[in-house]
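Numbering (this note's numbering), first residue to last: 160 to 235.
Where is the CB? At the ideal position from N, CA and C, for every residue including glycine.
Report on the following structure.
Structure, rendered in structure tokens:
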């Protein structure tokens with residue numbers, strides 16, 4: 160399967176987190192479940208596509224599109 164970023168996912172798409180730029184991703188996001196192997200789903204996009212409202216293995220959070228480009232995923 161092709162590796163994508165969270166920013167590539169459309170509303171309703173799910174993926175598995177494969178990797179992320181550790182020096183860019185805030186510790187708080189990692190504590191909320193943004194780690195390799197966890198599921199991520201895009202629930203909603205703001206009208207201008209930024210921010211994204213996502214579900215990371217049961218934790219709901221909004222992240223900026225710029226941050227979403229730093230999280231690599233594999234679509235399922």
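One alpha carbon belongs to residue 202, the other to residue 211, and they sit about 8 Å apart. Rounded to whole angstroms, the gap between the alpha carbons of residue 232 and residue 222 is 15 Å. Annotated three-state conformation of residue 211 is strand, per DSSP.
Taking the C-beta atoms as reference points, residue 215 is found nearer than 9 Å to residue 192.
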